[in-house]
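Heads up, the thing below is written out as structure tokens.
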Amino acid sequence: MGEERKDKYGDYALLEIPEKERRSMLAMFIEWTSVVTCVAAIWGGGALGVSGDAVTVTIAVIIGSIILAILGGLIALIGGYTRMTTYGIMRYPFGRIGASILGLICSGIGGMLWFTMQTWLAGVLISSMLPGYWFTNIVVATVWSGILMMITSLYGIAAIIVLSYLLGPMFLLLTYFGAAAAFEAFGGIPVLLAYKPATPVSIGALITTVVGYYAIGMVIVSDISRYGRKPSDGGKAWAAHIMLFNTTLVLIGAFSIMLTGSENIALAMLKIGMGYSALAFLFLTQLDTNDNNLWVSSLAWVNAIGGRLTRRHWTAIMGAIGTIWAALVAYGFGPSMQVLFDFGGYLGRLIPQMGTIMIADFFIFRPYVLGLKDATKRYKFGPGSKYSIINVAGIISWIISSVLAFYAEALGVTPAVMGIVSGFILYLVIATICHKAGVKYEIGEWIERPTGF
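Count the sequence shown with the numbering used here and you get residues 723 to 1175, in order.
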């Protein structure tokens, strides 16, 4: 059996994590901290800074971070119990094909799009640091940045965690010292309170964008939490890093724009006086962070397609597509922050309810409707395990809740909250009624192969 369960696709993409590969809560905390310790988190905050006043943005960031911490912590706990990737877990609430489709939407394509965004931001950073050279042109810099990030990601999670240990703490120190200096030099609280954006948006839109920035990371949190030595280690590490670092880094980005009046974060950093060496270090941190996006994207494609292509093959494919797309964004939009704000808003309307449907299935439906009280036995994985092809309750719940999220603002409701709550309730209602009435909501049967596919 040990030979049959060989890790064919790499990084245990379709297999449960063996005991020898499990990691400490500190290792996961540092890895997740490295995900937010990047120019993208601060740049995302800058996009909020041109869209709301200081008080409204602060409230939105805190509320959004609390949502991310709670939901992500629960999803991480599922990974801790099952030792399986997000896409393996999705096979139960969405079905085998449903999991493949939503996994591709969430991180197969979503992760690649985040790679695209962060590659573009790296190009903007380089072009702002060293303007006037052909190799620092925003399009050219975007292309060679993407190639570097793709190469790093080819080495998998071990290389990512090594980089995280080295770069994460240094980046945080640099960022916080720079923020303190800016706060003192540019007027502090009075200037922040006096700031008014040219085109303000609603607090609901701001909250949705905050959630959207990290929605993919929240849904796929099990990809890392499954490595935890204890089931709860991943959830604790996730919640801690969200509240400690995601909140503060996004606010630093927003406040940097408000205090300096700069058009973008790179220019704000230069105006603050961080210097070229500091910005070069930020680029190195961006390199570390962005390989995570390709890593999770490759896991989703392996789960969906299987076959002869391994995780490394998909990393190269998605990296090439993402780099080309990033170059097109750089060519078409330059350093415009509106691109990043809109991107976060779309993710905040489409992605979070995938997670709440998973939570509803694992923590409510299976223990209280199906009677599976033991959390370690609610999901079964391994050769011969059977899944439905499509779980109609899960797919319909996601579609309806996503539509509701896009129309929520017209009803005066925060889009992300609408999607999260409606997805959770719809799944429980549809699945429970169908189960009690004897109506078949799981269609077809898929039997797991020895490779995990």
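Note that CB positions come from ideal geometry on N, CA and C, so glycine has one too.
The structure presented is a predicted model; accordingly, all values stated were derived computationally and were not measured.
Distance between beta carbons of residue j and residue i, contact taken as under 8 Å
{"i": "T1133", "j": "S1144", "result": "What sits at residue 1133 in the sequence shown is Leu, not Thr. So it is not a contact: roughly 12 Å between Cβ atoms."}
{"i": "G1116", "j": "G832", "result": "18 Å between Cβ atoms; not a contact."}
{"i": "W836", "j": "N1113", "result": "Actually they are not in contact, since the Cβ atoms of W836 and N1113 sit about 27 Å apart, beyond 8 Å."}
{"i": "G766", "j": "L1062", "result": "6 Å"}
{"i": "G774", "j": "A782", "result": "7 Å"}
CA nearest to the CA of residue i, picked from the options
{"i": "S875", "options": "R1100, G957, I1039, L799", "result": "I1039"}
{"i": "S1123", "options": "Y1109, M1140, V1135", "result": "M1140"}
{"i": "A927", "options": "P1057, A1138, M834", "result": "A1138"}
{"i": "L989", "options": "S1058, A1159, G957", "result": "S1058"}
{"i": "A959", "options": "L973, S978, S944, L971", "result": "S944"}
{"i": "A769", "options": "A1048, G934, L1006, G1077", "result": "G934"}
{"i": "A901", "options": "I1169, M996, A782", "result": "M996"}
{"i": "Y1163", "options": "I1118, G1077, N968", "result": "I1118"}
{"i": "S867", "options": "E1167, W1047, I994", "result": "W1047"}
{"i": "I1111", "options": "I1169, G1077, G1104, P1089", "result": "I1169"}
{"i": "S746", "options": "D955, W1120, I994", "result": "D955"}
{"i": "G1052", "options": "G810, T841, C828, V772", "result": "For clarity, residue 1052 is Ala in the given sequence; the question names Gly instead. Per the Cα distances, T841."}
DSSP three-state assignment for residue i, whether helix, strand or coil
{"i": "E726", "result": "Note that E726 scores a pLDDT of 42, beneath 50, so its modelled location is shaky; the value from the coordinates is reported in the next line. Reduced to three states, the DSSP call for E726 is coil."}
{"i": "G854", "result": "coil"}
{"i": "G868", "result": "helix"}
{"i": "G806", "result": "The sequence shown places Met at residue 806, rather than the Gly named in the question. Of the three classes helix, strand and coil, the one that applies to M806 here is coil, per DSSP."}
{"i": "G684", "result": "Given a span of 723 to 1175 for the chain in the structure shown, any question on residue 684 remains unanswerable."}
{"i": "S875", "result": "helix"}
{"i": "Y731", "result": "Confidence at Y731 is low in this model, with a pLDDT of 49, below 50, so the placement of that residue is unreliable and no value is reported for it."}
{"i": "A920", "result": "coil"}
{"i": "F1103", "result": "coil"}
{"i": "P1137", "result": "helix"}
{"i": "S1058", "result": "coil"}
{"i": "Y1176", "result": "The chain is shown only over 723 to 1175; residue 1176 falls outside these bounds and no answer can be derived."}
{"i": "Y936", "result": "coil"}
{"i": "C1156", "result": "helix"}
{"i": "N859", "result": "coil"}
{"i": "A1132", "result": "helix"}
{"i": "M996", "result": "coil"}
{"i": "S773", "result": "coil"}
{"i": "I942", "result": "coil"}
Identified DSSP bridge partners for residue i
{"i": "W1168", "result": "Y1109"}
{"i": "G909", "result": "Bridge partners of G909: none, in fact."}
Q: Within the region 1027–1053, note down every full alpha helix (DSSP H) run reaching 4 residues or more, in order along the chain.
A: none
Q: Note down, one range per segment and in chain order, each alpha helix (DSSP H) of at least 4 residues found wholly within the region 1069–1095.
A: 1074–1081
(Q) What ranges does the alpha helix (DSSP H) occupy inside the region 781–838, keeping only unbroken runs of at least 4 residues that lie completely in it? (A) 808–811, 813–816, 818–825
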